[in-house]
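By numbering that gives the first Met the number 0, the letter at position 73 of the sequence shown is numbered 72, and the numbering carries on one by one without gaps. Cβ coordinates follow ideal geometry from the N, Cα and C atoms, glycine included. No experiment lies behind these values; they were computed from the predicted model shown. One structure below.
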Amino acid sequence: MTDDPELNQAEVQQYLRQSADRDRAARNYLSPNKAILLGILFIAVVFRFHNITLPLVDAFSWRETSTAMMADNFQQRSWNIFFPEVSWTGPGPSYQGREFQIVSYLTALLYQLFGWHDWFGRMVAAFFGLLTVFSLHRLTALFWGETHAHAAALAYALMPAAIMIDSSFLPDPSMLALVTLGVWLFAKYWAGGSGWLLPLATVSFSLGVLAKPPGLAAGAVIFYLMVCWILERKRKQAKRVFLSGLLSMAIIGAYFSWAIYLGRSYPPFHVAGSGYIWDSGFWTFFRNSFYFKSVWNTSVWWFYGYPFMVLIAVGFWMPPRPAEDQQRTLSAIPYVWLAAAMVVYLAAAREITSNPWNYHIFHVPFAMFCGRGALLLATLTSGTVLSPAVVLRSICIAAVTLVWSTFPLVRTMKTPIAMNGKLLGEELARLARPGDLVVAIAPEVGDPVAVYYSRARGWVFPPGGGDAEWSKFVADDATAIAQLEELRARGADLFGTAKNAADRQDRLFVEHHDGVIDYLDKTGTKLVDSDDLLVYRITRP
Numbered sequence: 000m001t002d003d004p005e006l007n008q009a010e011v012q013q014y015l016r017q018s019a020d021r022d023r024a025a026r027n028y029l030s031p032n033k034a035i036l037l038g039i040l041f042i043a044v045v046f047r048f049h050n051i052t053l054p055l056v057d058a059f060s061w062r063e064t065s066t067a068m069m070a071d072n073f074q075q076r077s078w079n080i081f082f083p084e085v086s087w088t089g090p091g092p093s094y095q096g097r098e099f100q101i102v103s104y105l106t107a108l109l110y111q112l113f114g115w116h117d118w119f120g121r122m123v124a125a126f127f128g129l130l131t132v133f134s135l136h137r138l139t140a141l142f143w144g145e146t147h148a149h150a151a152a153l154a155y156a157l158m159p160a161a162i163m164i165d166s167s168f169l170p171d172p173s174m175l176a177l178v179t180l181g182v183w184l185f186a187k188y189w190a191g192g193s194g195w196l197l198p199l200a201t202v203s204f205s206l207g208v209l210a211k212p213p214g215l216a217a218g219a220v221i222f223y224l225m226v227c228w229i230l231e232r233k234r235k236q237a238k239r240v241f242l243s244g245l246l247s248m249a250i251i252g253a254y255f256s257w258a259i260y261l262g263r264s265y266p267p268f269h270v271a272g273s274g275y276i277w278d279s280g281f282w283t284f285f286r287n288s289f290y291f292k293s294v295w296n297t298s299v300w301w302f303y304g305y306p307f308m309v310l311i312a313v314g315f316w317m318p319p320r321p322a323e324d325q326q327r328t329l330s331a332i333p334y335v336w337l338a339a340a341m342v343v344y345l346a347a348a349r350e351i352t353s354n355p356w357n358y359h360i361f362h363v364p365f366a367m368f369c370g371r372g373a374l375l376l377a378t379l380t381s382g383t384v385l386s387p388a389v390v391l392r393s394i395c396i397a398a399v400t401l402v403w404s405t406f407p408l409v410r411t412m413k414t415p416i417a418m419n420g421k422l423l424g425e426e427l428a429r430l431a432r433p434g435d436l437v438v439a440i441a442p443e444v445g446d447p448v449a450v451y452y453s454r455a456r457g458w459v460f461p462p463g464g465g466d467a468e469w470s471k472f473v474a475d476d477a478t479a480i481a482q483l484e485e486l487r488a489r490g491a492d493l494f495g496t497a498k499n500a501a502d503r504q505d506r507l508f509v510e511h512h513d514g515v516i517d518y519l520d521k522t523g524t525k526l527v528d529s530d531d532l533l534v535y536r537i538t539r540p
C-alpha cells in the first residue's frame with residue numbers, strides 16, 4: 000500500500016470496477032437450469048415444427064379447415080374479430096358462434112403480410128405450444144423445484160397428444176398457453192411476487208378462456224389459492240383476486256353471450272359445441288358410462304400410449320413432499336387443475352370425446368405427473384440425480400416413450416387421411432370461374448377440407464350446420480336430390496366428390512347415392528371422372 004491518497008483512491012475504484020464486471024459476468028452466465036430449459040424448448044421446437052408444412056389433411060382436418068376458413072375471411076372480407084365466418088354454408092354471410100379467434104386472427108395477419116400459406120396456422124399454434132412448455136416449467140419449479148420442472152416440461156415436449164394439438168391449426172394451443180401463463184403469473188404473485196403480476200395474470204387467463212372455454216378449469220387453481228389466502232386471514236389480497244376474477248368472468252360471459260347470439264342470428268344458425276350433459280341428459284351419459292371407453296381408446300391408440308400412461312399414474316400416486324408450507328400449498332396445483340378438468344369432462348363428455356383436441360386442458364397436470372413419475376423411476380434407490388445409474392435409467396425411459404408412444408402415435412395422427420379432399424378442392428379451384436359456388440364431399444362426410452382448398456365458397460354435402468345431422472348421408476336418393484336441387488336454386492355451380500367419400504355409417508357416396516350420380520349425369524356436365532374424383536358442372540334450371 001502507498002501513502003498517496005490519490006493512488007489509494009484509484010486502486011479502490013479499479014477494485015470496484017473489477018467487482019462490478021465479475022457481478023455482471025455472473026448475471027450473464029447461462030446457468031445449468033437455464034441451459035436445460037433452452038434444451039427442452041429446442042426439443043419442443045423439433046417435434047412441433049417437423050413437417051409443419053403438411054396440408055390440413057390429418058386426423059383433425061375437419062376442425063382445422065373451419066378455423067382456416069375464418070382466417071381467410073378475416074383477411075378477405077372483414078377484419079372485425081367479433082364476426083368469425085366460415086365458407087362452407089353458401090355465399091354468406093356465414094357468421095357462427097365461435098370462441099374468440101386468436102389463432103385464426105394472427106394467421107390472417109400473416110396472410111396479409113406474407114401471402115396465403117395453409118401451414119401458417121400450424122406455425123402460430125406451435126409458437127403457443129412453446130409458450131406452454133415455458134410456463135409449465137416455471138409453474139412446476141415454484142412448488143416441486145427445478146429438477147421436477149425439467150422433467151415435466153420435457154414430458155410435455157414429447158407427449159404425442161401435446162405435439163399433435165400444438166402443431167394443428169386449432170384454437171386449443173392458444174387456450175392452454177395463455178391459461179398456463181396466467182396461472183404461473185398468479186402463483187408467483189401469491190408466493191410474494193410483485194403486484195403487477197395480478198393484472199397480467201388476469202389478462203392472460205381471460206384471453207385463454209376466451210380462446211376456448213375448457214380453459215375455465217385452470218381457474219380452479221386461482222380460486223383455490225384465493226381460498227388459501229382467506230383461510231390465512233389475508234383478506235386484502237383475497238379481495239383483489241376476487242375483484243379481478245369478477246372482471247374476468249364478466250368479460251368472458253359477455254363475449255360468449257355475444258357468440259351465442261351471433262350463431263343464432265345468421266344461417267345456418269350454428270353455435271360451435273354440442274353434446275353437453277344438459278343437452279343429452281344425465282341418464283344418456285350414465286348409460287354410455289360417460290364415454291370412458293372412448294377416452295381409453297383415444298388415450299392408448301392416439302394421445303399417450305402405455306408408456307406415458309404408466310408414468311402419469313406413477314406420478315399421480317407418488318407426488319414429492321415439499322418441505323416449506325408455501326410449497327406444500329402450491330404443490331396441490333396439479334391435483335386441483337386435474338379435478339377441475341374432470342368436472343369439465345363430465346359436463347361435456349360427448350363433445351370432448353367427439354372432438355379430442357378438447358382434452359388439451361388435461362395436458363398441464365398430466366405433464367407434471369408424467370415428469371414426476373419419470374423422475375421417480377429414474378432415481379429409484381439412487382442418492383443423486385446425476386449418478387450413472389440415474390442417467391442410464393433416464394435414457395431408457397426416454398427411449399421407451401419415444402419408440403412406443405411419441406413416434407408411432409404422432410405418425411398415426413398425422414396420416415394424411417383427407418388428401419383426396421384436398422385434391423378435390425384443388426380440382427374445383429382449377430375448374431371454377433370467378434364467383435362460382437361449389438358443393439363438395441370430402442372422404443369424411445361433413446369435412447369442409449375440399450371447400451377450403453377450392454378457395455371458393457360453397458357447401459358441404461349433405462348441407463351442414465344448425466341442429467341437422469350432416470356427418471351421414473340421408474336415407475334415400477330422392478331426399479338427396481331434393482337437397483341438391485335446393486343448393487342449385489341457391490346458386491351452386493360445381494359438384495364434386497371424392498370417390499372414397501363415406502359417412503359415419505361407412506356408406507360410400509358412389510354406392511349409397513348412385514341414383515344421385517345418375518341424376519347428375521342427366522342434368523349436369525361431367526368434367527372429371529378419375530380413379531379418385533368425380534366432378535360435375537351443375538346446369539342452371
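Given a threshold of 16 other Cβ atoms within 10 Å of its Cβ, counted over all protein chains shown, does residue i qualify as buried or as exposed?
| i | result |
| --- | --- |
| A441 | buried |
| V240 | buried |
| Y303 | buried |
| N79 | exposed |
| S167 | buried |
| L385 | exposed |
| N296 | exposed |
| I311 | buried |
| P212 | buried |
| R305 | Strictly speaking, residue 305 in this sequence is Tyr, with Arg absent from that position. Label assigned to Y305: exposed. |
| Q504 | exposed |
| A25 | With a pLDDT of 47 at A25, under the threshold of 50, the predicted position of this residue should be treated as unreliable, though the coordinate-derived value follows. Per the 10 Å Cβ criterion, exposed. |
| E231 | exposed |
| W228 | buried |
| L423 | buried |
| F81 | exposed |
| K421 | buried |
Quick check on this structure: which residue in the options has the alpha carbon closest to the alpha carbon of residue i?
| i | options | result |
| --- | --- | --- |
| V44 | H147, I162 and S203 | I162 |
| T538 | N419, A488, N499 and D505 | A488 |
| A34 | E145, Y188, N79 and A124 | E145 |
| Y224 | G244, G434 and T131 | It is Leu, not Tyr, that sits at residue 224 in the sequence shown. The candidate whose alpha carbon is nearest that of L224 is G244. |
| A431 | R454, M418, L422 and V444 | R454 |
| P267 | Y104, G89, W228 and L533 | G89 |
| I39 | P306, W336 and M158 | M158 |
| A491 | G192, N499 and Q482 | Q482 |
| W336 | D117, A366 and V313 | A366 |
| L108 | Y94, R137, A67 and V342 | A67 |
| A176 | S264, L209, W282 and P447 | L209 |
| A216 | S273, G514 and A347 | A347 |
| L427 | L533, G262 and V299 | L533 |
Rounding to the nearest angstrom, what Cα-Cα distance links residue i and residue j in this structure?
| i | j | result |
| --- | --- | --- |
| W469 | V459 | 9 angstroms |
| F73 | P83 | 7 angstroms |
| F363 | D530 | Here residue 363 turns out to be Val, not Phe, going by the sequence shown. Each residue's Cα considered, the two are about 45 angstroms apart. |
| R327 | F127 | 29 angstroms |
| F119 | Y110 | 8 angstroms |
| L345 | G214 | 15 angstroms |
| F361 | F472 | 34 angstroms |
| D435 | L486 | 13 angstroms |
| G252 | L246 | 10 angstroms |
| G280 | I351 | 16 angstroms |
| D71 | L135 | 32 angstroms |
| V85 | R286 | 35 angstroms |
| M124 | T106 | The sequence shown places Ala at residue 124, not Met. Straight-line Cα distance between these residues: approximately 9 angstroms. |
| P31 | L153 | 15 angstroms |
If we define contact as Cβ-Cβ less than 8 angstroms, is residue i a contact residue for chain C?
| i | result |
| --- | --- |
| Y265 | Looking at the structure shown, chain C is missing, and only one protein chain is on hand. |
Could you name each continuous alpha helix (DSSP H) segment of 4 residues or more that falls completely within the segment 358-430, going from the start of the chain to the end? 362-377, 387-400, 406-412 and 418-430
Below 8 angstroms, can you find three or more Cβ-Cβ pairs linking the segment 41-55 to the segment 409-420? yes
Three or more C-beta pairs below 8 angstroms linking the segment 87-102 and the segment 132-151: These segments do not touch.
Check your understanding: Looking at C-beta atoms only, is the number of pairs between the segment 326-342 and the segment 130-144 that lie closer than 8 angstroms three or more?
Key -> Yes: at least three Cβ pairs fall under 8 angstroms.
Could you tell me which uninterrupted beta strand (DSSP E) segments, each at least 3 residues in length, are contained entirely in the segment 269-312, listed from first to last along the chain?
-> Fully enclosed beta strand (DSSP E) runs of 3 or longer: not present.
Does the contact criterion of 3 or more C-beta pairs under 8 angstroms hold for the segment 251-268 versus the segment 361-375?
no
Alpha helix (DSSP H) runs contained entirely in the segment 176-229, provided each spans 4 or more residues
Listed in chain order, the complete alpha helix (DSSP H) runs (minimum 4 residues) inside the segment 176-229 are 196-210.
Check: Does the segment 394-407 touch the segment 282-295, meaning 3 or more C-beta pairs lie closer than 8 angstroms?
Finding: Taking a cut-off of 8 angstroms on C-beta distances, the segment 282-295 does not touch the segment 394-407, as fewer than three cross pairs fall below it.
- Message: Assess contact between the segment 198-205 and the segment 177-187, defined as three or more Cβ pairs (one per stretch) separated by less than 8 angstroms. Is contact present?
- Response: yes
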